[in-house]
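Remarks on the structure that follows.
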Amino acid sequence: MKYGFFDDAACEYVITTPKTPLPWINYLGNKEFFSLISNTCGGYTFYKDAKLLRLTRYRYNNVPYDNNGKYFYIKDTTDSANETIWNPGWQPVKTALDKYECRHGLGYSTFTSSKNDVEAKVLTFVPMNDNCEISKVTITNNKATSAKLSLFSYVEWCLWNADDDMKNFQRNLSTGEVEVTDGGSTIYHKTEYRERRNHYAIYSVNSKVDGFDTSRDAFLGAYNGPDSPDAVAVGKCTNSVASGWSPIASQQINLELAAGESKTFIFILGYIENPEDDKWEAPSVVNKKPALKMISSYNNEAAVDAALAELKAYWKELLSNYHISSSNEKVDRMVNIWNQYQCMVTFNMSRSASYYESGIGRGMGFRDSCQDLLGFVHLIPDRARQRIIDIASTQFQDGSAYHQYQPLTKKGNSDIGSGFNDDPLWLIAGTSAYVRETGDLSILKEMVPFDNDMSVAKTLMGHLKCSFDFTATHKGPHGLPLIGRADWNDCLNLNCFSEHPGESFQTFGPSEGPVAESVFIAGMFVKYGEEYAQLAELLGDTAEAERARAEVKKVYEATTTAGWDGEWFVRAYDANSNKVGSKECEEGQIYIEPQGFCVLAGIGVEEGLAEKALKSVEEKLDTKYGIMILQPAYTKYHLELGEVSSYPPGYKENAGIFCHNNPWVSIAETVLGHGNRAFDIYKKTCPAYVEEFSEIHATEPYVYSQMVAGRDAKFHGQGKNSWLTGTAAWTFVNISQYILGVYPTHNGLSINPCVPEDFGDFTLTRKYRGATYNISVKQNGAQKGIKKLTVNGKEISGNIIPYEEGVKEYTVVAEMG
Ligand code: GLC
Ligand code: GLC
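Taking our numbering, the leading residue of the sequence shown gets 2, the next gets one more, and so forth.
Next comes the structure, spelled out in structure tokens:
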């Protein structure tokens, strides 16, 4: 069952009922000012950091689930015997609407609704170059007679620090302050501006108003929620000026619309910073100059339409970097629109703010951000470059790294510390992807601090050496890399041994153990060790490349021996040197991660182990909704394994379908030339396919979720934690570089698709190092293999289109077979 449809021409998902199984959200903002907005107008706004600079309040863990947003109320008093109050997004009043449609587009959302022949159209977006959210609200009277209406706006301010805001009431209920100007048209939220803050927020409408409120209790009534504001029921705002308690911004506009008439209003929610020495225009009166400038930039429809056009042009240009046209419309829509869009959202948000990540917890994950980079480096290489430097700056001199860092301060987060032994290698992954994409070797020579201390800086290449050496020098009894607190699987805590509730699996116990080893990190070392060697070669250091390859060889051998279980790769050795993920185990006999990652790294391909490992995945882990992370699920808590066994069977890392690692297996299948199977895996978790059973999947059908409940779970097939997941980046890598087969190498683009037999011919435009590649692939029913490759009319040998400085257009014809 579906709750809407894709409108590919408009790059929108159209939701046709407000009653989706979960809130279906969108992200607004591209640089520093962001909003989350659901299909019922729920959500919140922040500047740069969802924890520290939150503009509007949201209540996670609320009932109903999606409560608090930026709402508009329409009160229709045309027929005094039948007055109605409704919202264009249905919530919070939930009056049944005669018509409802929400369109989530690239950086904007629209709502079109009607009730009793009054139509409301709300367009909301964050413009490219300002720290504000604009809502353009158009009310149309479609009645045969004139209509008497009142429009009320509503936003609830957050007192900036979202964490403190929901805890520290003894202080916060006394600090709220506002200013009101122009009879209520503009409301200034200035809590804490009198002391250490130099920023405030505004909510403004480009019209005279008939009333306003800035005290929540005055507007709602002390015993009401946003679903039944007193002021709206009475039809009159109280002109309250908040003093402490909970400041809000609400404006009332009364309207008399003739039959067929419409009126448009523009609301601006903005963030303003003033210089420290220019905070006030008079004692206790904030300096409003920059606010007035912002307001005047968007106070008419033409200006708003131009700002929206600019936003659309930005996305069009961005997405033109990789564009496919095939006979499969689902693949086209994911590749051209939604998968890349989600990659950009993960660039902006990492794992901080979604409807499942509260914005007050995790900052930027070291491994997460390095992997996200794989999905957006072709879109915004300059920003990827800066991101790599930021991430590397939180590394320690021994190569280990802070597991997380704060986006605002860019400093490592000492609450969680380090000890996740996969982290260092992801830095090589991200850097290598950047250099292959751009050819920019200068980044490797950039001086980068350790733990933000410039006095101990090394070049980025020096950092990568530390990463490489960290793994090479932290090995266990089988010659496999030590796991530390955990590897990619945060929940495989082999040195933790936690016995008491409340202890964090992530930080409890020693961060190191001399015994527990990870076969997954071994796979990473083989893959990224080789990529490190290639970077060394590019810098002319062949001795280092040789040394690296010799180290890689040792780990390769350990993986195919101690890391091999007979039919699949072992997952790990625990602190007692017992196997994890082996037929010897009672539960958790096979894990997905080493099968996918070792094979995509090329381990066991020649020896025939790779074929066996992937066969085992198909037999033991596959379901119709995707591949589970392990089987059989843990039914008991295992002290020696940690959090992985803490989840009920079928959820999260305990045998859930963890979407992030499904593309690893799909990529692994392409390494073996299995186009049918690779694509089959791709389809199972792909939103455009999943859309068909949205009532089971529950999360948004236009983006990936972190997890889908596995076969052992009661709600098999149900998605959770949508949007902020490494699945976006890895799937884009899989479909664009391995299945469609356009892979950036240091010497140029390589063309080597691996598609299902019935995929058909396709054409693809790829921008790369300033040139445009127009590639057409004739499939000839083959799953893999190029028999002829011509570039600008000339046949070339091999798969790599040699990059030639100065050539701006490449016409490429690839014949498979
Ligand atoms: C979450 C984390 C990620 C981790 C994964 C598996 O998605 O953000 O860092 O690799 O879970 O545990
Ligand atoms: C929990 C989650 C895991 C996530 C981690 C991040 O362990 O199960 O998915 O990676 O928290 O802190």
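Beta carbons: idealized from backbone N, C-alpha and C, even for Gly. The structure displayed is predicted, hence computed values, not measured ones.
Residue i beta carbon near ligand 1 (any heavy atom closer than 6 Å)
i, result
"R195", "no"
"N490", "yes"
"R334", "no"
"D369", "yes"
"G589", "no"
"Q876", "Given that the chain is displayed from residue 2 to residue 818, the structure contains no residue 876 and the question cannot be resolved."
"G366", "yes"
heavy atom of ligand 2 below 6 Å from residue i C-beta
i, result
"K644", "The sequence as given places Glu at residue 644; Lys does not occur at that position. Yes, Cβ of E644 sits closer than 6 Å to a heavy atom of ligand 2."
"K313", "no"
"K653", "yes"
For residue j and residue i, the rounded distance between their alpha carbons
i, j, result
"S433", "S468", "13 Å"
"C12", "I338", "7 Å"
"G5", "P745", "36 Å"
"Y59", "E654", "29 Å"
"E504", "K52", "24 Å"
"C103", "L29", "15 Å"
"A689", "D99", "28 Å"
"Q719", "Q590", "24 Å"
"C133", "P93", "23 Å"
"A145", "A292", "41 Å"
"R198", "R437", "43 Å"
"V556", "F35", "44 Å"
"K95", "P425", "50 Å"
"K116", "K137", "19 Å"
"F268", "L380", "31 Å"
"S751", "M629", "32 Å"
"H747", "A250", "54 Å"
"T472", "E558", "15 Å"
"G477", "K168", "45 Å"
Where residue i falls, given that 16 or more other Cβ within 10 Å makes a residue buried
i, result
"P502", "exposed"
"G782", "exposed"
"G184", "exposed"
"E84", "exposed"
"M365", "buried"
"G413", "buried"
"D369", "buried"
"A537", "buried"
"L601", "buried"
"G799", "exposed"
"A260", "exposed"
"Q387", "exposed"
"M295", "buried"
"F170", "exposed"
"G627", "buried"
"D1", "An answer regarding residue 1 cannot be provided, because it is not within the stretch 2 to 818 covered by the chain."
"M448", "exposed"
"N329", "buried"
"M817", "buried"
Residue i beta carbon near ligand 3 (any heavy atom closer than 6 Å)
i, result
"R352", "In the structure shown, ligand 3 is absent; the only ligands present are ligand 1 and ligand 2."
* Asked: Using 8 Å as the threshold, is the segment 94 to 114 in touch with the segment 189 to 197, meaning 3 or more CB pairs across them?
  -> no
* Asked: Considering only residues of the segment 308 to 332, which uninterrupted beta strand (DSSP E) runs meet the minimum length of 3 residues and lie entirely inside it, listed in chain order?
  -> 323 to 326
* Where are the beta strand (DSSP E) runs, 3 residues long or more, that stay fully inside the segment 538 to 577, in chain order? -> none
* Asked: Does the segment 745 to 761 come within contact of the segment 676 to 684, defined as at least 3 CB pairs closer than 8 Å?
  -> yes
* Curious, which full-length beta strand (DSSP E) runs of at least 3 residues does the segment 709 to 755 contain? -> 720 to 723, 743 to 746, 749 to 752
* Any beta strand (DSSP E) of 3 or more consecutive residues that is wholly inside the segment 2 to 49 -> 5 to 8, 13 to 16, 26 to 29, 34 to 39, 44 to 48
* Between the segment 640 to 650 and the segment 694 to 710, are three or more C-beta pairs nearer than 8 Å? -> no
* Report the residue ranges of all alpha helix (DSSP H) runs contained in full by the segment 145 to 204; include only those spanning at least 4 residues, in chain order. => 163 to 166, 170 to 173
* Would you check if the segment 510 to 517 and the segment 455 to 464 touch, i.e. whether three or more CB-CB distances between them fall below 8 Å? => no
* Any 3 or more C-beta pairs closer than 8 Å across the segment 627 to 634 and the segment 653 to 667 -> yes
* How about the segment 150 to 157 and the segment 222 to 236: do they share at least three Cβ pairs that are nearer than 8 Å? -> yes
* To do: Report yes or no: do the segment 404 to 421 and the segment 348 to 367 share at least 3 C-beta pairs separated by less than 8 Å?
  => yes
* Minimum length 4: unbroken alpha helix (DSSP H) runs contained in the segment 204 to 292 -> 217 to 221, 231 to 235
* Three or more C-beta pairs below 8 Å linking the segment 300 to 317 and the segment 242 to 253 -> no
* With contact counted as at least three CB pairs below 8 Å, one residue from each stretch, are the segment 485 to 493 and the segment 557 to 567 in contact? -> no
* Inspect the CB distances between the segment 611 to 619 and the segment 537 to 550 and report whether three or more fall short of 8 Å. => no
* Asked: Are the segment 462 to 481 and the segment 388 to 401 touching by the rule of at least three beta carbon pairs closer than 8 Å?
  -> yes
* Fully enclosed by the segment 409 to 444, which alpha helix (DSSP H) runs are 4 residues long or longer? -> 424 to 439
* Cβ contact check for the segment 112 to 126 and the segment 317 to 324: 3 or more pairs under 8 Å -> no
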